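**Student:** Sequence lines, in order, name chains A and G.
Each residue of the first sequence is one higher than the one before, counting from 24 in my numbering.
Each residue of the second sequence is one higher than the one before, counting from 5 in my numbering.
Take this structure, written in structure tokens, and hold onto it; I'll ask about it next.
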Amino acid sequence: MRPAGGLRDVSRLGFLKKGDIVVLLVLLAAGGFGRGATRRPGAAVTRCEVRASGEKFVIPLPAETTLALAGPAGSTVVSIRGRAVRVVRSDCPAKLCVRTGEISRPGQAIICVPNRVVVRLSGREVDAITR
Amino acid sequence: MRLPGKPARVAIYGALAVGLYTVENLLPSPLPWLRVGASNIAILLALYDLGAGGAAAVFLLKLLVGSVLVGRFLTPFFWFALFGGGASLAAMMVARMIGGRFLSVVGVSVVGGVFHNIGQLAVARLMLIPSDSVWLLLPVLGLVGVVSGALIGVATRLVQLKLAKMA
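What follows is the structure, encoded as structure tokens:
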């Protein structure tokens, strides 16, 4: 069927038609489903950067290890389990690093200021210019 | 009110498209590639008023004049605009032809928004990133296309209803 065209053609129609809602819902559902299917949680984290007492080193992830880092306030114990990292114990006063809990995504970090400890996760991210 | 003839209406929609395109490029955006695509309002108006040929003419006007004005003629952005916009326009023509009875301009615009981003991803795959992992972005960009297409569609519908009263 060939659409009629012209400016007056639209006047007898309502604001939305049923098909609009169907198209909208179907595409939203497809997008949501595809998003769930293509997301691989934690897969992007490939490195853990640790800075303590002026030194910097990188641990490739996944790894299973526990580090005891010495600093001005005492000892900070970092536990690495697979692609997830947390501070399990620290001698610093406020224990903010312990309360940060577990990190597992690129860009996340645990920072203990009094003990001068920084733990950062990084990794490849899907990147593209899309315009 | 007497309506201007068809060639004059192509020019009017074309001017509207170029104006919207240029102004939207001046506005700040959180991500450089993220735009609503306001100039699509003019292309949709032309598609419904003048048909496929008129819409194609308005799209080409927007692409050529608009990209010269913002300094993107034949830059990578230009190819993205050409293939994104071309895919979008083709999809909207088909959507209007097949779904004309069940779809208003809002649904047609949503289809166009999604295909705009599919076309751009195809260019990215061909010209920038020779890896199929590019398509992993499709769900996110598709959702962006649905949302911006719906916004543009509603705006176009409001203009159409006003124009129909005046015509």
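Glycine residues also receive a C-beta, built at the ideal position from the N, C-alpha and C atoms.
Owing to the predicted nature of the structure, the values given are computational and were not obtained by experimental measurement.
Given a threshold of 16 other Cβ atoms within 10 Å of its Cβ, counted over all protein chains shown, does Thr153 of chain A qualify as buried or as exposed?
**Tutor:** The residue labelled residue 153 of chain A in the question sits at position 130 within the first sequence. Confidence at Thr153 of chain A is low in this model, with a pLDDT of 42, below 50, so its placement is unreliable and the value that follows should be read with caution. Label assigned to Thr153 of chain A: buried.
**Student:** Using a Cβ-Cβ distance cut-off of 7 Å, determine whether Ser108 of chain G contacts chain A.
**Tutor:** In the second sequence, residue 108 of chain G corresponds to position 104, counting from 1. It does; some Cβ of chain A falls within 7 Å.
**Student:** So, are the CB atoms of Val68 of chain A and Gly146 of chain A less than 7 Å apart?
**Tutor:** As a first step, residue 68 of chain A must be located in the first sequence, where it is residue number 45. As a first step, residue 146 of chain A must be located in the first sequence, where it is residue number 123. Cβ atoms of Val68 of chain A and Gly146 of chain A: closer than 7 Å.
**Student:** Give the secondary structure of Glu87 of chain A by DSSP, where H, G and I count as helix, E and B as strand, and everything else as coil.
**Tutor:** For the purposes of this step, residue 87 of chain A is taken as the residue at position 64 of the first sequence. Strand.
**Student:** Output the distance between the C-alpha atoms of Gly65 of chain A and Arg161 of chain G, rounded to the nearest integer angstrom.
**Tutor:** As a position in the first sequence, residue 65 of chain A is number 42, starting the count at 1. As a position in the second sequence, residue 161 of chain G is number 157, starting the count at 1. Unreliable positioning characterises Gly65 of chain A in this predicted model, as indicated by a pLDDT of 44, which lies under 50. The coordinate reading is nonetheless provided below. Spanning the two alpha carbons is a distance of roughly 43 Å.
**Student:** Quick check on Leu30 of chain A - is its C-beta less than 7 Å from some C-beta in chain G?
**Tutor:** On the first sequence, position 7 is the one that residue 30 of chain A refers to. Taking Cβ atoms only, chain G reaches closer than 7 Å to Leu30 of chain A, which makes this a yes.
**Student:** Along chain C, in chain order, which residues have C-beta atoms closer than 8 Å to that of Arg58 of chain A?
**Tutor:** No chain C is present in this structure, whose protein chains are A and G.
**Student:** Would you say Leu167 of chain G lies against chain A (beta-carbon separation less than 7 Å)?
**Tutor:** Counting from 1 along the second sequence, the entry for residue 167 of chain G is found at position 163. By this cut-off, Leu167 of chain G is an interface position.
**Student:** Mark Ile126 of chain A as exposed unless 16 or more other C-beta atoms lie within 10 angstroms of its C-beta, in which case mark it buried.
**Tutor:** Along the first sequence, one-based indexing puts residue 126 of chain A at 103. Buried, by the Cβ-count rule.
**Student:** Since Val46 of chain A meets chain G, which of its residues come closer than 7 Å, beta carbon to beta carbon?
**Tutor:** Position 23 of the first sequence, counted from the start, is the residue given in the question as residue 46 of chain A. By Cβ distance, chain G contributes Leu107, Gly111, Val114, Val115.
**Student:** State the beta-bridge partners of Gly97 of chain A as determined by DSSP.
**Tutor:** Position 74 of the first sequence holds residue 97 of chain A. Partner(s): A:Gly94.
**Student:** Answer with yes or no whether the minimum CB distance from Asp43 of chain A to chain G is below 7 Å.
**Tutor:** Numbered from its first residue, the first sequence carries residue 43 of chain A at position 20. Asp43 of chain A counts as touching chain G.
**Student:** Within 7 Å of any Cβ in chain A, is that where the Cβ of Asp53 of chain G sits?
**Tutor:** Taking the second sequence and counting its residues from 1, the one referred to as residue 53 of chain G is at position 49. Yes, Asp53 of chain G counts as interfacial toward chain A.
**Student:** Measuring only between beta-carbons, confirm whether Gly9 of chain G sits less than 7 Å from chain A.
**Tutor:** Along the second sequence, read from residue 1 onward, the residue named residue 9 of chain G stands at position 5. So no, Gly9 of chain G is outside the interface.
**Student:** Say whether chain G places a C-beta atom closer than 7 Å to the C-beta of Gly130 of chain A.
**Tutor:** Translated into positions along the first sequence, residue 130 of chain A becomes position 107. With 7 Å as the cut-off, Gly130 of chain A does not count as an interface residue toward chain G.
**Student:** Which one or two residues does DSSP pair with Phe82 of chain G in a beta bridge?
**Tutor:** The sequence position of residue 82 of chain G within the second sequence is 78, counting from 1. BP columns for Phe82 of chain G are empty, so no partner.
**Student:** Taking the alpha carbon of Ile96 of chain A as the reference point, which residue from A:Cys120, A:Gly59, A:Val45 has its own alpha carbon closest?
**Tutor:** One-based indexing of the first sequence puts residue 96 of chain A at position 73. Before going on, a small fix: residue 96 of chain A reads as Ala here, not Ile. Nearest of A:Cys120, A:Gly59, A:Val45 to Ala96 of chain A, Cα basis: A:Cys120.
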